[in-house]
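Worksheet: the structure to be examined is printed underneath.
There are 2 protein chains.
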Amino acid sequence: MTAPQFNTWREVQREVLRRIHAREWRPGDAIPNEADLADAFGCARTTVNRALRELAETGLIERRRKAGTRVALQPTRLARLEIPLLRQEVEARGQVHGYALLRRETAEAPPAVAAKMGVSGDFLHVQATHFADGTPFAHEDRWIDPAAAPGAAEEAFDRISANEWLLMHAPFTRGDIAFSAAEATPQVAQALQIPPGTAVFVTDRTTWDHDRAVTTVTQSFAPGYRLKTRI
Amino acid sequence: MTAPQFNTWREVQREVLRRIHAREWRPGDAIPNEADLADAFGCARTTVNRALRELAETGLIERRRKAGTRVALQPTRLARLEIPLLRQEVEARGQVHGYALLRRETAEAPPAVAAKMGVSGDFLHVQATHFADGTPFAHEDRWIDPAAAPGAAEEAFDRISANEWLLMHAPFTRGDIAFSAAEATPQVAQALQIPPGTAVFVTDRTTWDHDRAVTTVTQSFAPGYRLKTRI
DNA sequence: TAGTGGTCTAGACCACGTA
DNA sequence: ACGTGGTCTAGACCACTAA
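Written out as structure tokens, the structure reads:
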């Protein structure tokens, strides 16, 4: 009997997945090392490594030097989540994106915002509503550190959302994101045209340029919004 | 002047990130091709490829054959989201996980559930509460197709959550996940010891073994819950 | 059609961590 | 101590696609 041939890393990955799904390799089991697999599959070890590395990144298998590779017992699976612009998200549904500025002011950051951003003082404060086909889609409440986002103080934000302006003009190196549920404040409720207290999906984001906070934003989505992903 | 030496793919990646963050390479700009970069960095093209491939996967750069590599204009950034077991999540906070079965029955799936799973008939229906240090943490409402999860019909689910039992006994190849906000139903409110109508964070998951739905679950989290990630 | 990224190979050395 | 995965190299061929 000749050895089966799996020549690309995707073929190797598919075969490994097949064996795990078929329970030939069960959760907790050790699987052969890379060299043996490469031999059995008739390919280079590099190819096996690529296939297994990507499976390890999703949490399906666990790899440790010397200990080898095992099928994960408790798969803390990693999902990939796309974080698009609101405009992109609306347009991806085939709807027309609208944008309305509600407020733009310079104000002292409230303690909660100052704490999140790690600095205090006068910030730019922008509130706006995004629409999908004319229906309120999300409300956005943003604070910007003008010292970290040069030019922001001169921008009106009446045509382009702060979101997009910042992407083009204020580089950032990392961001924290949190998802939660909240009851609509009177302000959010008015913007989204829903009764106050309605449950809304909320995302909080703070973005950083190295160790300096650039902006923090709270987006509240109209009822019915669902953030989807796959495993 | 001698060429700078970047010998590992992480060093190359760090240098590329530095140039993007320093705006030496700006959004929309093309960057040198792999061969030229490898030459400039004093390493093999494979090493540059690995560094750039991983940046492309996060959405920071865009790569197309022949067209080359560009810094993304609108970084639809990809975040990685960990999907742990509720028990793991509670224990990761240093709290004691508790579990209480509320209901276990065989019943015909309601239309919404049957539609999600693509089959109808008698399903196993399990409701339970998870606790963190004795405080309600999440309510779980689950439907299981006994034909797709052999042995489930004989399991009591009074000590081990259906979540964990299924992980150990029912393989799945993929899952859909959706996050949303909802107002607590009387049942959920009672389980979480909160007033009905309170905003709760909800995750809906359906897992599949190839094309056959195994289980669908709705988890409602006690107020204050936040799902966190980074970009 | 030509340039670019995508991938494979064979061999090598290294880092880690278990035994 | 030593087996395992992690990575680098140099070269090669291929797949895609812009010009």
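Line order of the protein sequences matches chains G and P. Take 1 as the starting number for the first sequence in the working numbering and just add one per residue. Take 1001 as the starting number for the second sequence in the working numbering and just add one per residue. C-beta atoms are modelled at their ideal positions from N, C-alpha and C, and glycine is treated no differently. Every value quoted in this text rests on a predicted model; they were computed, and no experiment measured them.
Beta carbon proximity, residue i to chain G, threshold 8 angstroms
i         : result
Pro1084/P : yes
Glu1108/P : no
Glu1167/P : Just to set this straight, residue 1167/P is Leu in the shown sequence, not Glu. Taking Cβ atoms only, chain G reaches closer than 8 angstroms to Leu1167/P, which makes this a yes.
Gln1088/P : yes
Thr1002/P : For Thr1002/P, the predicted model reports a pLDDT of 47, less than 50, meaning its position is unreliable and no value from the coordinates is stated.
Gln1074/P : yes
Val1012/P : no
Residue-level contact to chain P via CB, residue i, 8 angstroms cutoff
i        : result
Ala100/G : no
His139/G : no
His21/G  : yes
Arg212/G : no
Trp9/G   : no
Within chain G, the residues that residue i reaches when beta carbons sit closer than 7 angstroms
i         : result
Gly1175/P : Arg230, Ile231
Pro1171/P : His21, Arg23
Opening and closing residue of the alpha helix (DSSP H) in which residue i lies
i         : result
Ala1189/P : 1186-1192
Ala1162/P : 1162-1169
Per-residue burial, residue i [other beta carbons within 10 Å of its own, 16 or more giving buried]
i         : result
Ala1222/P : buried
Ser161/G  : buried
His97/G   : buried
Thr106/G  : exposed
Pro136/G  : buried
Leu1086/P : buried
Arg1142/P : buried
Gly94/G   : exposed
Leu1013/P : Looking at the sequence itself, residue 1013/P is Gln, so the reference to Leu does not match. Buried: at least 16 other Cβ atoms inside 10 Å.
Met1/G    : Residue confidence is low: Met1/G scores 39 on pLDDT, short of 50, so the model does not pin down where it sits. Its coordinate-derived value is still stated next. Exposed.
Ser1220/P : buried
Asp1145/P : buried
Leu1081/P : buried
Glu108/G  : exposed
Ala1153/P : exposed
Gly42/G   : exposed
Ala112/G  : exposed
Gln127/G  : buried
Neighbouring residues, chain P, relative to residue i (Cβ below 8 angstroms)
i        : result
Ala182/G : Ala1181, Ala1199
Gln219/G : Here the premise fails: no neighbours, minimum Cβ distance about 12 angstroms.
Gln127/G : Under the 8 angstroms cutoff, chain P gives no residues; its nearest Cβ is about 20 angstroms from Gln127/G.
Under 9 angstroms by beta carbon: chain G residues contacting residue i
i         : result
Leu1078/P : Arg80, Leu81, Glu82, Ile83
Ala1178/P : Arg226, Leu227, Lys228, Thr229
Boundaries (first-last residue) of the beta strand (DSSP E) holding residue i
i         : result
Ile1177/P : 1174-1183
Gln5/G    : Premise fails: Gln5/G is in no beta strand (DSSP E) and is neither H nor E.
Thr1203/P : 1199-1209
Arg212/G  : 212-221
Arg230/G  : 227-230
Proximal chain P residues relative to residue i, where beta-carbon distance stays under 9 angstroms
i       : result
Pro27/G : Leu1167, Met1168, Pro1171
Residue i: CB within 7 angstroms of a non-hydrogen atom of the ligand NAP
i         : result
Pro1032/P : Only the bare structure without any ligand can be found here, which leaves the ligand NAP out of the picture.
Practice item. List in chain order: all unbroken beta strand (DSSP E) runs of 3+ residues lying wholly within the region 103-154 of chain G. Key: If we require 3 residues or more, the beta strand (DSSP E) runs fully inside the region 103-154 of chain G come out as 122-132, 135-144.
Review point. In chain order, which beta strand (DSSP E) runs of at least 3 residues are fully inside the region 20-100 of chain G?
Key: Contiguous beta strand (DSSP E) elements confined to the region 20-100 of chain G occur at 61-64, 68-71, 77-83, taking only those with 3 or more residues.
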